[in-house]
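In my numbering, the protein residues as written are 13 to 411. A short write-up of the structure that comes next.
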Amino acid sequence: MGNYNFDTRIERRGSGCIKWDRSEEPDILPLWIADMDFAVAPEIKEALQARVAHGVFGYPKAPDDFYEPVCDWMERRFGYRPEREWFSHSPGIVAFFHFFCKGFLKPGDKVLMQMPVYHHFFGAAEKNSVEVVKNQLLIKNGRYEIDFSDFENKAKDPGVKAFFLCNPHNPGGRMWSREELQRLGRICCENNILIISDEIHCDLVYKYHGKRHIPLASVSQEIAMNSITCLAPSKTFNLAGLQTSIPLIPNPVLKARYEQMLDSFGIFRPNLFGLTALPAAYRYGEPWLEELLEYLEGNLRYLRSWMSEHLPMVKVMEPDASYLVWMDFSAIKPAGRTVHDVLLEEGWVWLEEGCEFGDGGEAFERVNIACPRATLAEGLARIQRGLEKADLIKKEEAR
Ligand SMILES: Cc1ncc(COP(=O)(O)O)c(C=O)c1O
Numbered sequence: 013m014g015n016y017n018f019d020t021r022i023e024r025r026g027s028g029c030i031k032w033d034r035s036e037e038p039d040i041l042p043l044w045i046a047d048m049d050f051a052v053a054p055e056i057k058e059a060l061q062a063r064v065a066h067g068v069f070g071y072p073k074a075p076d077d078f079y080e081p082v083c084d085w086m087e088r089r090f091g092y093r094p095e096r097e098w099f100s101h102s103p104g105i106v107a108f109f110h111f112f113c114k115g116f117l118k119p120g121d122k123v124l125m126q127m128p129v130y131h132h133f134f135g136a137a138e139k140n141s142v143e144v145v146k147n148q149l150l151i152k153n154g155r156y157e158i159d160f161s162d163f164e165n166k167a168k169d170p171g172v173k174a175f176f177l178c179n180p181h182n183p184g185g186r187m188w189s190r191e192e193l194q195r196l197g198r199i200c201c202e203n204n205i206l207i208i209s210d211e212i213h214c215d216l217v218y219k220y221h222g223k224r225h226i227p228l229a230s231v232s233q234e235i236a237m238n239s240i241t242c243l244a245p246s247k248t249f250n251l252a253g254l255q256t257s258i259p260l261i262p263n264p265v266l267k268a269r270y271e272q273m274l275d276s277f278g279i280f281r282p283n284l285f286g287l288t289a290l291p292a293a294y295r296y297g298e299p300w301l302e303e304l305l306e307y308l309e310g311n312l313r314y315l316r317s318w319m320s321e322h323l324p325m326v327k328v329m330e331p332d333a334s335y336l337v338w339m340d341f342s343a344i345k346p347a348g349r350t351v352h353d354v355l356l357e358e359g360w361v362w363l364e365e366g367c368e369f370g371d372g373g374e375a376f377e378r379v380n381i382a383c384p385r386a387t388l389a390e391g392l393a394r395i396q397r398g399l400e401k402a403d404l405i406k407k408e409e410a411r
């Protein structure tokens with residue numbers, strides 16, 4: 013028995029949360045968007061409560077040592093210590109991608125990304141008239157691998173100015189190895205392509221495989237100077253609603269350019285509650301995170317064995333990291349409807365639809381397992397029920 017009870021079901025409906033309140037239908041079980049149904053670490057809540065009790069919420073100022081707990085955290089967990097002067101701020105990582113497209117690229121420029129991928133990567137590019145160049149990920153032995161020769165050919169296009177990397181990868185949960193990062197980094201440096209490495213899921217690493225997250229900036233000085241790393245406490249500590257993220261920009265020229273651009277939008281400082289929660293999280297949140305990771309790994313094991321027992325025709329991609337699990341439903345072929353709609357309409361369970369992640373995602377659904385195990389069990393049972401009701405699996409086959 014641990015110190016935190018992740019089995020507790022907290023009612024989120026009516027709390028102004030997109031995951032549970034978006035659907036008008038209250039009986040839909042939402043396992044889609046990437047936030048967790050768990051309360052934050054008590055130390056974060058206490059820091060916020062103390063801030064609220066103060067009662068004055070004027071313009072904030074980050075203390076000089078604001079980023080220090082993040083530097084300590086990264087040194088402890090990844091063996092890599094960035095300088096605190098390299099950090100900047102953004103209301104969110106999605107916002108960062110938009111700022112980047114506006115401030116560093118111009119309409120008609122091209123950006124390379126590996127498909128399928130988190131939809132705001134190509135969303136930000138498209139909304140800013142930046143062309144997306146796709147390096148399709150390949151599935152080998154049930155996990156994503158990089159097609160390096162395709163990547164290298166596409167990187168040679170002089171129109172490609174940036175590469176959006178997702179490490180660990182959403183939706184596949186893959187952590188890229190040092191060799192893979194070195195190779196990608198070298199190709200980008202040789203072709204003057206700036207790398208944006210989104211590492212928002214970097215702390216949610218499962219223990220079963222024994223691997224450690226490798227920050228792209230730690231791979232070489234040259235790559236560090238040619239990259240911006242997107243970091244945030246929002247996934248790790250479930251703080252997405254505080255809109256506080258911290259791009260890491262070791263290159264002072266790029267950092268000055270980014271901050272000038274923020275300034276041009278009148279964005280001068282982080283949010284007051286983010287300023288309060290972030291240092292509390294990185295200073296005191298580690299015991300909570302360690303227990304959370306064990307719980308998530310238990311959920312992953314549960315899902316894996318439940319799926320192989322009840323729905324063996326659905327292939328589960330084994331994640332190295334993140335509480336998002338990518339499942340291949342290509343063996344199930346509803347007529348005139350998508351699997352996603354069948355699950356929603358017949359099973360009353362809302363997963364994230366694979367096609368949202370672009371090319372290669374069409375046959376998949378992504379399930380968020382960051383919820384009490386009983387909720388996950390209910391979600392899985394609803395998937396089965398939905399497929400049975402639509403006559404897509406036989407009842408006996410599912411038992
Ligand atoms: C890879 C990735 N980047 C960014 C985000 C969202 O970041 P933010 O809430 O800071 O905009 C997510 C959320 O799921 C994500 O998976």
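The beta-carbon is built from N, C-alpha and C at its ideal position, and this holds for glycine as well.
query                                                                                                                                                                      : result
Threshold first: 4 residues or longer. Then list the alpha helix (DSSP H) segments lying entirely within the stretch 31 to 100, N to C.                                    : 54 to 66 and 80 to 90
Quick check for students: name the residue ranges of the alpha helix (DSSP H) that lie wholly in the stretch 367 to 408, counting only runs of 4 or more.                  : 385 to 401
Give the straight-line distance between the Cα atoms of Ala410 and Lys345, rounded to the nearest whole angstrom.                                                          : Because the pLDDT of Ala410 is 48, which lies under 50, any placement of that residue in the model is unreliable, and the question is left without a value.
Alpha carbons only, please: which of Asp215, Trp44, Ile207 and Arg21 is nearest the one belonging to Trp85?                                                                : Asp215
Taking DSSP as the reference, what is the three-state secondary structure of Asn147?                                                                                       : strand
Please name the residue, chosen from Glu321, Met339 and Gln255, that lies closest to Val328 on a Cα-to-Cα basis.                                                           : Met339
Does the beta-carbon distance from Pro384 to Asp19 come in below 8 Å?                                                                                                      : yes
Let me know the secondary structure DSSP gives Thr241 once reduced to three states.                                                                                        : strand
Report the three-state DSSP secondary structure of Asp169 (helix, strand or coil).                                                                                         : coil
Assess, as a yes-or-no matter, whether the stretch 18 to 37 is touched by the stretch 257 to 270 under the definition of 3 or more beta carbon pairs within less than 8 Å. : no
Measure from the C-beta of Val217 to each C-beta in chain E and report whether the shortest distance is under 8 Å.                                                         : Given the protein chain composition of this structure (a single chain), no chain E is represented.
Kindly examine ligand 1 and report whether one of its heavy atoms sits closer than 7 Å to the Cβ of Cys383.                                                                : no
Sorry if obvious, but does the Cβ on Gly104 come closer than 7 Å to a heavy atom of ligand 1?                                                                              : yes
Can we count Ile212 as close to ligand 1, meaning its CB is less than 7 Å from some heavy atom?                                                                            : yes
Cα-Cα, which of Val354, Val265, Gly184 and Glu157 is closest to Leu206?                                                                                                    : Val265
With a Cβ-Cβ cutoff of 8 Å, do Arg190 and Asp332 count as a contact?                                                                                                       : no
Quick check for students: name the residue ranges of the beta strand (DSSP E) that lie wholly in the stretch 199 to 287, counting only runs of 3 or more.                  : 206 to 210 and 239 to 242
With a CB to CB cut of under 7 Å and the five nearest residues on each side skipped, what residues in its chain are close to His221?                                       : Asp332
Along the beta strand (DSSP E) that carries Arg316, what are the first and last residues, could you check?                                                                 : No beta strand (DSSP E) holds Arg316; the alpha helix (DSSP H) holding it covers Glu298 to His322.
When every heavy atom of ligand 1 is checked, does at least one fall within less than 7 Å of the C-beta of Asn182?                                                         : yes
Could you round the C-beta distance between Ile199 and Glu164 to whole angstroms and report it? I think they count as a contact, below 8 Å.                                : 5 Å
Could you tell me if Gly391 is buried or exposed, where buried requires 16 or more neighbouring beta carbons within 10 angstroms of its beta carbon?                       : buried
Can you tell me where the beta strand (DSSP E) holding Lys139 begins and where it ends?                                                                                    : That residue, Lys139, is in no beta strand (DSSP E); its alpha helix (DSSP H) goes His131 to Lys139.
According to DSSP, simplified to helix, strand and coil, what is Val106?                                                                                                   : helix
List the endpoints of the continuous alpha helix (DSSP H) containing Asp353.                                                                                               : Val351 to Gly359
Just the C-alpha distance for Val145 and Leu41, rounded to the nearest angstrom, thanks.                                                                                   : 36 Å
Our contact map puts His225 next to Phe90 with C-beta atoms below 8 Å; I'd like the distance itself, whole angstroms only.                                                 : 6 Å
Tell me which residues share the same chain as Tyr130 and place their Cβ nearer than 8 Å to its Cβ, disregarding the 5 neighbours each side in the sequence.               : Cys178, Asn182, Pro183, Asp210 and Phe369
Per DSSP, what kind of secondary structure is Arg195 in: helix, strand or coil?                                                                                            : helix
Report the CB separation of Arg378 from Leu336 in whole angstroms; it is logged as a contact under 8 Å.                                                                    : 5 Å
If you measure from the CB of Ala386, is any heavy atom of ligand 1 nearer than 7 Å?                                                                                       : no
What residue does the beta strand (DSSP E) around Val337 start on, and which one ends it?                                                                                  : Leu336 to Asp340
Quick check: the Cα distance between Arg397 and Leu323, rounded to an integer number of angstroms?                                                                         : 11 Å
What would DSSP say about Glu364, mapped onto helix, strand or coil?                                                                                                       : strand
So, Ala244 versus Leu60, is the Cβ gap smaller than 8 Å?                                                                                                                   : no
With burial defined as no fewer than 16 other Cβ atoms inside 10 Å of the residue's Cβ, what is the status of Ala65: buried or exposed?                                    : exposed
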